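Numbered by the numbering used here, the letters in the sequence shown go through residues 1284 to 1468 in order. See structure below.
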Amino acid sequence: MLPIVAIGHPTLKKKAAQIGPDYPDLKDLIDKMFETMYESKGVGLAAPQVNKSIRLFIVDARPYADDFPEAKEFVKIFINPYILNESGEEWMFNEGCLSVPGINEDVSRFSDVEIEYMDENFQSYKETYKGIIGRIIQHEYDHLEGTLFVDRLSPLKKALIRGKLNKISKGEVDITYRMIFPNKK
Ligand code: CO
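In structure tokens form, the structure reads like this:
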């Protein structure tokens, strides 16, 4: 699997770049991202998390199928996505992130997300996703904009976990998958 970069790594803070069909070894990268996501038990993975600052993320929501019917059989690749609109009620959900291991916090997001994106053959689509699918897409899309879910917490909440976040960036955390820690001594 590919190593996942931890919070504090500069690639996680960058706005990712669009890609074209000429992007080298794209299919291979996507395959490796799926392997990496499954190995680390994630439901989504964005390219910046494997240190590629490009507009690509993948989702496999099936682990949520028992609680969210829309997650049944939902596996998808999003290339050059662009969120057109977020709407509906805001709702809280306990999120985690492979780049922030051991941290889970409630995050508020809009229920519906309208998104334009391309598949791995660079065919364009425009869809609206709701529920847990909308949630995962918003989380992964944030990675392409240089935002982590912990950046969406209140300043107080974030201050409370700052010490833990600093430890993660130094590699002082138990993990079960390969990671790159930006501040490891
Ligand atoms: Co994440």
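Cβ coordinates follow ideal geometry from the N, Cα and C atoms, glycine included. From a predicted model like this one, the values you see are computed outputs, not experimental measurements.
Contact between the segment 1427-1438 and the segment 1399-1416 (3+ Cβ pairs under 8 angstroms): Short answer: they don't touch.
L1439 Cβ short of 7 angstroms to the ligand CO heavy atom set: Counted from its first residue, the sequence shown places residue 1439 at position 156. Every heavy atom of the ligand CO is 7 angstroms or more from the Cβ of L1439, so no.
Going by the DSSP bridge assignment, what does N1368 pair with across the sheet? As a first step, residue 1368 is located in the sequence shown; it is residue number 85 there, counting from the start. In the DSSP output, where bridge partners are listed per residue, N1368 has E1397.
Taking the beta carbon of V1358 as the centre, do at least 16 other beta carbons fall within 10 Å, making it buried, or is it exposed? Position 75 of the sequence shown, counted from the first residue, corresponds to residue 1358. Exposed, since its Cβ has fewer than 16 Cβ neighbours within 10 Å.
Top-ranked residue by Cα proximity to I1360, from I1313, F1376 and S1391: Position 77 of the sequence shown holds residue 1360. Looking at the Cα atoms, I1313 is the closest of the given residues.
Test item: CB-CB of S1391 and G1371 under 8 angstroms: Here residue 1391 refers to the residue found at position 108 when the sequence shown is read from its first residue. Here residue 1371 refers to the residue found at position 88 when the sequence shown is read from its first residue. When the beta-carbon positions are compared, S1391 and G1371 stay at least 8 angstroms from each other.
Given M1375 as reference, the closest of Q1421, P1293, G1446 and V1342 once Cα atoms are compared: In the sequence shown, the residue the question calls residue 1375 occupies position 92. Ranked by Cα distance from M1375, the options Q1421, P1293, G1446 and V1342 are led by Q1421.
Please state whether DSSP places Y1424 in a helix, a strand or coil. Start at 1 with the first residue of the sequence shown, and residue 1424 comes out as number 141. Here Y1424 sits in helix by DSSP.
Does DSSP put R1277 in a helix, a strand or coil? The structure shown does not extend to residue 1277, since the chain is modelled only from 1284 through 1468, so no value can be given for it.
Which residue marks the beginning of the alpha helix (DSSP H) containing A1442, and which one marks its end? By 1-based counting over the sequence shown, the position of residue 1442 is 159. In the DSSP annotation of this structure, the continuous segment of the alpha helix (DSSP H) that includes A1442 starts and ends at P1438 to K1453.
Just to check, is the beta-carbon of S1323 closer than 7 angstroms to a non-hydrogen atom of the ligand CO? Working through the sequence shown from its first residue, we reach residue 1323 at position 40. Flag unset: Cβ of S1323 not near the ligand CO.
Scan the segment 1299-1345 and note each continuous alpha helix (DSSP H) run of 4 residues or more that stays entirely inside, going in chain order. The qualifying runs are 1309-1322.
Considering only C-alpha positions, which residue in the set L1427, G1379, S1407 and I1366 is nearest to E1397? Locating residue 1397 in the sequence shown gives position 114, where the first residue counts as 1. It is I1366 whose Cα lies nearest to the Cα of E1397.
Note down the Cα distance separating P1331 from I1337, rounded to an integer number of angstroms. Your numbering for residue 1331 matches position 48 in the sequence shown. Your numbering for residue 1337 matches position 54 in the sequence shown. P1331 and I1337 have their alpha carbons spaced roughly 7 angstroms apart.
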